[in-house]
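Under the working numbering, think of the first position of the sequence shown as 848, with each following residue one higher.
A short write-up of the structure that comes next.
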Amino acid sequence: MVKVFGSDDFRNFQIEEKVTTILSAQGASVPEIMASRSEESTYSYIVFRHAEGELLNSIYQSLSLKNYTEMIMCLAEVFRRIHGLSHTLFDEVPFFERGHRQYFNLSCRRPTSVHDSVQALIEEGALQASARQICDVVERKAGELFNSELVLIHADIHNENAFMSGTEGSRSCQFIDWETARIEPLELDFVHPFLNILGEAFPGRRLGAEAGSGPNNDLLNAFDTSYGQRIRWDHVAIHGVVTYLEWALSAHRKGQLPLRDFYLQTGIGGLEFVGLVGTDDATKYIQSPKR
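Printed below as a string of C-alpha coordinates:
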(Lines of atoms letter the chains of each structure in order from A and count residues from 1; the text may use other names and numbers.)
(Lines give C-alpha, C1' and ligand atoms only; values in the text may rest on other atoms or scores of the structure.)
Protein backbone atom coordinates (compact mmCIF):
# COMPACT_ATOMS: atom_id res chain seq x y z
CA MET A 1 0.00 0.00 0.00
CA VAL A 2 1.56 3.31 -1.13
CA LYS A 3 0.57 6.78 0.04
CA VAL A 4 1.89 9.71 -2.01
CA PHE A 5 2.23 13.29 -0.74
CA GLY A 6 2.55 16.31 -3.02
CA SER A 7 5.04 19.13 -2.56
CA ASP A 8 2.49 21.11 -0.50
CA ASP A 9 2.02 18.16 1.85
CA PHE A 10 5.60 17.57 2.96
CA ARG A 11 4.74 18.28 6.58
CA ASN A 12 1.80 15.85 6.37
CA PHE A 13 4.33 13.26 5.20
CA GLN A 14 6.62 14.02 8.14
CA ILE A 15 3.78 13.71 10.65
CA GLU A 16 2.49 10.43 9.22
CA GLU A 17 5.93 8.84 8.90
CA LYS A 18 7.15 9.84 12.35
CA VAL A 19 3.91 9.05 14.21
CA THR A 20 3.45 5.68 12.48
CA THR A 21 7.08 4.72 13.14
CA ILE A 22 6.76 5.53 16.85
CA LEU A 23 3.42 3.76 17.18
CA SER A 24 4.73 0.68 15.39
CA ALA A 25 7.76 0.56 17.69
CA GLN A 26 5.41 0.71 20.67
CA GLY A 27 3.35 -2.21 19.39
CA ALA A 28 0.29 -0.15 18.45
CA SER A 29 -2.18 -1.39 15.84
CA VAL A 30 -0.88 0.41 12.74
CA PRO A 31 0.47 -0.94 9.43
CA GLU A 32 4.25 -1.29 9.31
CA ILE A 33 6.24 1.13 7.12
CA MET A 34 8.24 -0.83 4.55
CA ALA A 35 9.94 2.10 2.78
CA SER A 36 9.64 5.87 2.36
CA ARG A 37 11.08 8.69 0.27
CA SER A 38 10.97 12.38 1.11
CA GLU A 39 11.64 15.36 -1.12
CA GLU A 40 10.26 18.64 0.12
CA SER A 41 10.30 20.39 -3.26
CA THR A 42 8.60 17.62 -5.26
CA TYR A 43 6.76 14.67 -3.74
CA SER A 44 7.17 12.09 -0.99
CA TYR A 45 5.74 8.66 -0.41
CA ILE A 46 5.37 5.95 2.20
CA VAL A 47 5.07 2.24 1.42
CA PHE A 48 3.05 0.43 4.09
CA ARG A 49 2.56 -3.25 4.67
CA HIS A 50 -1.08 -3.72 3.73
CA ALA A 51 -3.43 -3.33 6.66
CA GLU A 52 -4.92 -6.60 7.87
CA GLY A 53 -8.58 -7.35 7.30
CA GLU A 54 -11.33 -5.29 5.69
CA LEU A 55 -12.25 -1.63 5.83
CA LEU A 56 -15.03 -0.99 8.32
CA ASN A 57 -16.91 0.77 5.52
CA SER A 58 -17.33 -2.56 3.74
CA ILE A 59 -18.70 -4.50 6.71
CA TYR A 60 -20.19 -2.38 9.49
CA GLN A 61 -23.56 -1.72 7.85
CA SER A 62 -24.33 -5.44 7.70
CA LEU A 63 -23.28 -6.44 11.23
CA SER A 64 -25.79 -7.69 13.77
CA LEU A 65 -25.97 -5.72 17.00
CA LYS A 66 -23.93 -8.45 18.73
CA ASN A 67 -21.12 -8.28 16.17
CA TYR A 68 -21.40 -4.50 16.00
CA THR A 69 -20.87 -4.32 19.76
CA GLU A 70 -17.84 -6.58 19.41
CA MET A 71 -16.45 -4.22 16.74
CA ILE A 72 -16.99 -1.21 19.03
CA MET A 73 -15.09 -2.95 21.84
CA CYS A 74 -12.24 -3.78 19.46
CA LEU A 75 -11.95 -0.12 18.42
CA ALA A 76 -11.97 0.94 22.07
CA GLU A 77 -9.07 -1.41 22.84
CA VAL A 78 -6.95 0.16 20.07
CA PHE A 79 -7.73 3.65 21.35
CA ARG A 80 -6.85 2.55 24.91
CA ARG A 81 -3.41 1.33 23.89
CA ILE A 82 -2.59 4.43 21.84
CA HIS A 83 -3.92 6.92 24.38
CA GLY A 84 -1.95 5.08 27.07
CA LEU A 85 1.35 6.10 25.47
CA SER A 86 3.13 9.12 26.93
CA HIS A 87 2.62 12.09 24.63
CA THR A 88 6.26 13.02 25.25
CA LEU A 89 7.17 10.20 22.84
CA PHE A 90 5.95 12.51 20.09
CA ASP A 91 7.79 15.69 21.13
CA GLU A 92 9.87 15.71 17.92
CA VAL A 93 6.91 15.36 15.56
CA PRO A 94 6.24 18.63 13.64
CA PHE A 95 2.49 18.70 14.29
CA PHE A 96 0.48 21.52 12.71
CA GLU A 97 -0.11 24.32 15.17
CA ARG A 98 -3.63 25.51 15.92
CA GLY A 99 -4.67 28.11 13.36
CA HIS A 100 -2.59 26.65 10.53
CA ARG A 101 -4.62 26.20 7.33
CA GLN A 102 -4.00 22.44 7.44
CA TYR A 103 -4.78 22.07 11.12
CA PHE A 104 -7.73 19.71 11.37
CA ASN A 105 -10.21 21.67 13.50
CA LEU A 106 -12.87 20.19 15.70
CA SER A 107 -15.90 21.57 17.49
CA CYS A 108 -15.59 24.61 19.71
CA ARG A 109 -12.11 25.37 18.37
CA ARG A 110 -13.66 26.11 14.99
CA PRO A 111 -13.94 29.74 13.82
CA THR A 112 -17.74 29.63 13.50
CA SER A 113 -19.85 29.40 16.66
CA VAL A 114 -22.80 27.07 17.05
CA HIS A 115 -25.05 30.14 17.31
CA ASP A 116 -23.87 31.35 13.89
CA SER A 117 -24.52 27.97 12.28
CA VAL A 118 -27.94 27.43 13.85
CA GLN A 119 -29.14 30.96 13.09
CA ALA A 120 -28.01 30.76 9.47
CA LEU A 121 -29.63 27.34 9.00
CA ILE A 122 -32.90 28.69 10.46
CA GLU A 123 -32.80 31.77 8.22
CA GLU A 124 -32.10 29.63 5.16
CA GLY A 125 -34.94 27.22 5.92
CA ALA A 126 -33.02 24.11 6.93
CA LEU A 127 -33.82 24.18 10.66
CA GLN A 128 -36.90 25.07 12.67
CA ALA A 129 -36.72 28.00 15.09
CA SER A 130 -36.92 25.47 17.95
CA ALA A 131 -33.41 24.30 16.99
CA ARG A 132 -32.06 27.24 19.00
CA GLN A 133 -32.43 24.87 21.97
CA ILE A 134 -29.32 23.11 20.66
CA CYS A 135 -27.34 26.26 21.48
CA ASP A 136 -28.61 26.08 25.06
CA VAL A 137 -27.40 22.47 25.34
CA VAL A 138 -23.96 23.45 24.05
CA GLU A 139 -23.74 26.49 26.33
CA ARG A 140 -24.53 24.44 29.44
CA LYS A 141 -21.56 22.15 28.78
CA ALA A 142 -19.12 24.58 27.16
CA GLY A 143 -17.13 25.25 30.31
CA GLU A 144 -16.49 21.53 30.86
CA LEU A 145 -15.04 20.77 27.43
CA PHE A 146 -11.37 20.10 26.64
CA ASN A 147 -10.51 19.09 30.21
CA SER A 148 -9.74 15.44 29.50
CA GLU A 149 -6.20 14.06 29.50
CA LEU A 150 -3.77 15.22 26.79
CA VAL A 151 -2.82 12.30 24.53
CA LEU A 152 -1.82 11.58 20.96
CA ILE A 153 -5.04 11.63 18.95
CA HIS A 154 -5.61 10.56 15.37
CA ALA A 155 -8.50 13.10 15.06
CA ASP A 156 -10.09 11.51 12.00
CA ILE A 157 -10.95 7.86 12.67
CA HIS A 158 -13.99 6.93 10.62
CA ASN A 159 -15.20 3.91 8.69
CA GLU A 160 -12.55 4.33 5.95
CA ASN A 161 -9.57 4.78 8.29
CA ALA A 162 -9.96 1.56 10.27
CA PHE A 163 -9.52 -2.08 9.27
CA MET A 164 -10.92 -5.09 11.09
CA SER A 165 -9.74 -8.68 10.90
CA GLY A 166 -10.38 -11.95 12.71
CA THR A 167 -13.55 -13.83 13.51
CA GLU A 168 -16.30 -13.53 16.08
CA GLY A 169 -14.79 -13.50 19.55
CA SER A 170 -11.28 -12.83 18.25
CA ARG A 171 -11.17 -9.56 16.33
CA SER A 172 -8.39 -7.00 15.86
CA CYS A 173 -8.27 -3.52 14.34
CA GLN A 174 -5.68 -1.28 12.70
CA PHE A 175 -5.86 2.50 12.22
CA ILE A 176 -4.39 4.17 9.12
CA ASP A 177 -3.82 7.74 7.82
CA TRP A 178 -2.04 9.47 10.72
CA GLU A 179 -1.30 12.79 9.01
CA THR A 180 -4.04 14.52 11.07
CA ALA A 181 -2.49 13.40 14.37
CA ARG A 182 -1.65 15.80 17.18
CA ILE A 183 -1.66 16.14 20.96
CA GLU A 184 -5.11 17.08 22.26
CA PRO A 185 -7.65 16.15 24.97
CA LEU A 186 -8.60 12.52 24.42
CA GLU A 187 -12.34 13.30 24.08
CA LEU A 188 -11.66 14.81 20.66
CA ASP A 189 -10.45 11.48 19.28
CA PHE A 190 -13.91 9.98 19.70
CA VAL A 191 -15.88 12.58 17.73
CA HIS A 192 -15.60 11.00 14.28
CA PRO A 193 -15.97 7.38 15.46
CA PHE A 194 -19.05 8.50 17.38
CA LEU A 195 -20.65 10.16 14.37
CA ASN A 196 -19.50 7.82 11.61
CA ILE A 197 -19.43 4.41 13.31
CA LEU A 198 -21.58 4.55 16.45
CA GLY A 199 -23.97 6.64 14.34
CA GLU A 200 -25.35 3.40 12.91
CA ALA A 201 -27.11 2.97 16.27
CA PHE A 202 -28.48 6.53 16.60
CA PRO A 203 -32.27 6.92 16.89
CA GLY A 204 -33.92 6.26 13.53
CA ARG A 205 -30.88 4.49 12.09
CA ARG A 206 -30.50 0.77 11.26
CA LEU A 207 -29.66 -0.38 14.80
CA GLY A 208 -31.35 2.47 16.65
CA ALA A 209 -34.42 0.68 17.96
CA GLU A 210 -32.47 -2.38 19.05
CA ALA A 211 -29.54 -0.52 20.62
CA GLY A 212 -31.53 2.03 22.58
CA SER A 213 -30.34 5.46 23.65
CA GLY A 214 -29.55 7.48 26.75
CA PRO A 215 -26.34 8.10 28.73
CA ASN A 216 -26.10 4.50 29.95
CA ASN A 217 -26.96 2.63 26.77
CA ASP A 218 -25.30 -0.74 26.21
CA LEU A 219 -23.06 0.30 23.29
CA LEU A 220 -21.48 3.20 25.14
CA ASN A 221 -21.05 1.02 28.23
CA ALA A 222 -19.36 -1.66 26.10
CA PHE A 223 -16.92 0.90 24.65
CA ASP A 224 -16.14 2.31 28.11
CA THR A 225 -15.53 -1.16 29.55
CA SER A 226 -13.09 -2.05 26.78
CA TYR A 227 -11.39 1.36 26.94
CA GLY A 228 -11.00 1.08 30.70
CA GLN A 229 -12.59 4.34 31.77
CA ARG A 230 -15.84 6.25 31.47
CA ILE A 231 -15.86 8.54 28.43
CA ARG A 232 -17.75 11.84 28.61
CA TRP A 233 -19.99 11.00 25.68
CA ASP A 234 -22.02 14.14 26.34
CA HIS A 235 -18.88 16.14 25.53
CA VAL A 236 -18.20 14.03 22.44
CA ALA A 237 -21.76 14.56 21.19
CA ILE A 238 -21.44 18.32 21.65
CA HIS A 239 -18.18 18.44 19.72
CA GLY A 240 -19.96 16.42 17.05
CA VAL A 241 -23.07 18.55 16.68
CA VAL A 242 -21.07 21.80 16.58
CA THR A 243 -18.88 20.38 13.81
CA TYR A 244 -21.74 18.86 11.80
CA LEU A 245 -23.93 21.96 12.00
CA GLU A 246 -21.13 23.99 10.42
CA TRP A 247 -20.63 21.32 7.76
CA ALA A 248 -24.41 21.20 7.16
CA LEU A 249 -24.45 24.95 6.54
CA SER A 250 -21.59 24.65 4.06
CA ALA A 251 -23.35 21.78 2.24
CA HIS A 252 -26.61 23.74 2.17
CA ARG A 253 -24.97 26.74 0.54
CA LYS A 254 -23.38 24.49 -2.07
CA GLY A 255 -26.76 22.95 -2.89
CA GLN A 256 -25.70 19.55 -1.49
CA LEU A 257 -29.01 18.93 0.22
CA PRO A 258 -28.78 15.17 0.90
CA LEU A 259 -25.36 15.75 2.51
CA ARG A 260 -26.79 18.66 4.50
CA ASP A 261 -29.60 16.47 5.80
CA PHE A 262 -27.14 13.71 6.75
CA TYR A 263 -25.05 16.15 8.80
CA LEU A 264 -28.13 17.58 10.51
CA GLN A 265 -29.71 14.22 11.32
CA THR A 266 -26.45 12.67 12.51
CA GLY A 267 -25.22 15.64 14.56
CA ILE A 268 -28.54 16.16 16.33
CA GLY A 269 -29.10 12.39 16.52
CA GLY A 270 -25.89 12.14 18.54
CA LEU A 271 -27.37 14.47 21.16
CA GLU A 272 -30.40 12.16 21.35
CA PHE A 273 -28.22 9.06 21.57
CA VAL A 274 -26.49 10.28 24.74
CA GLY A 275 -29.65 11.76 26.25
CA LEU A 276 -28.90 15.48 25.88
CA VAL A 277 -32.13 16.12 23.97
CA GLY A 278 -35.38 14.20 23.94
CA THR A 279 -36.37 11.42 21.61
CA ASP A 280 -37.44 12.59 18.15
CA ASP A 281 -35.95 16.07 18.64
CA ALA A 282 -33.84 15.60 15.51
CA THR A 283 -37.08 15.37 13.52
CA LYS A 284 -38.64 18.29 15.41
CA TYR A 285 -35.67 20.61 14.80
CA ILE A 286 -35.13 19.85 11.10
CA GLN A 287 -37.34 21.45 8.47
CA SER A 288 -39.09 19.13 6.05
CA PRO A 289 -36.68 18.72 3.11
CA LYS A 290 -37.22 21.11 0.21
CA ARG A 291 -35.64 20.00 -3.01
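Don't be surprised by glycine CBs; every beta carbon is placed ideally from N, CA and C.
Tell me which same chain residues have a C-beta within less than 6 Å of the C-beta of residue i, skipping the five on either side of it?
| i | result |
| --- | --- |
| valine 985 | Val961, Ile1085 |
| aspartate 1024 | Asn1008 |
| arginine 1029 | Phe942 |
| leucine 1118 | Ala1084, Val1088, Val1124 |
| serine 909 | none |
Considering only C-alpha positions, which residue in the set the options is nearest to residue i?
| i | options | result |
| --- | --- | --- |
| phenylalanine 895 | Ser876, His1001, Gly1125, Glu917 | Ser876 |
| tyrosine 1132 | Leu968, Ser891, Trp1025 | Leu968 |
| valine 1088 | Gly1051, Gln980, Glu864, Ile862 | Gln980 |
| glycine 1075 | Val925, Ser885, Glu1031 | Val925 |
| glutamine 1021 | Val1038, His1001, Pro1032, Glu1031 | His1001 |
| leucine 992 | Val1038, Leu974, Phe1010, Ala976 | Val1038 |
| alanine 898 | Glu886, Ile880, Ile906 | Ile880 |
| isoleucine 869 | Leu903, Val940, Gln1103, Asn904 | Val940 |
Between which two residues does the beta strand (DSSP E) holding residue i run?
| i | result |
| --- | --- |
| isoleucine 1085 | No beta strand (DSSP E) holds isoleucine 1085; the alpha helix (DSSP H) holding it covers 1080-1100. |
| glycine 1013 | 1009-1014 |
| alanine 1058 | No beta strand (DSSP E) contains alanine 1058, which is instead part of the alpha helix (DSSP H) from 1055-1058. |
| proline 1032 | 1029-1032 |
Quick one: what's residue i bridged to in DSSP?
| i | result |
| --- | --- |
| valine 849 | Val894 |
Where do the ends of the alpha helix (DSSP H) carrying residue i lie?
| i | result |
| --- | --- |
| glutamine 1021 | Segment 1017-1022 is the beta strand (DSSP E) holding glutamine 1021; no alpha helix (DSSP H) there. |
| isoleucine 1000 | From DSSP, isoleucine 1000 is part of no alpha helix (DSSP H) but of the beta strand (DSSP E) over 997-1000. |
| isoleucine 880 | Element bounds for isoleucine 880: not the alpha helix (DSSP H) but the beta strand (DSSP E), 880-884. |
With the cut-off set at 8 Å, would you say residue i and residue j are in Cβ contact?
| i | j | result |
| --- | --- | --- |
| aspartate 1071 | arginine 1079 | no |
| valine 965 | alanine 978 | yes |
| leucine 1123 | aspartate 1081 | yes |
| glycine 1046 | threonine 1090 | no |
| isoleucine 919 | leucine 1033 | no |
| valine 1121 | proline 1062 | yes |
Near residue i, what residues of its chain come up, given a Cβ to Cβ distance below 8 Å and the 5 sequence neighbours on each side ignored?
| i | result |
| --- | --- |
| glycine 853 | Tyr890 |
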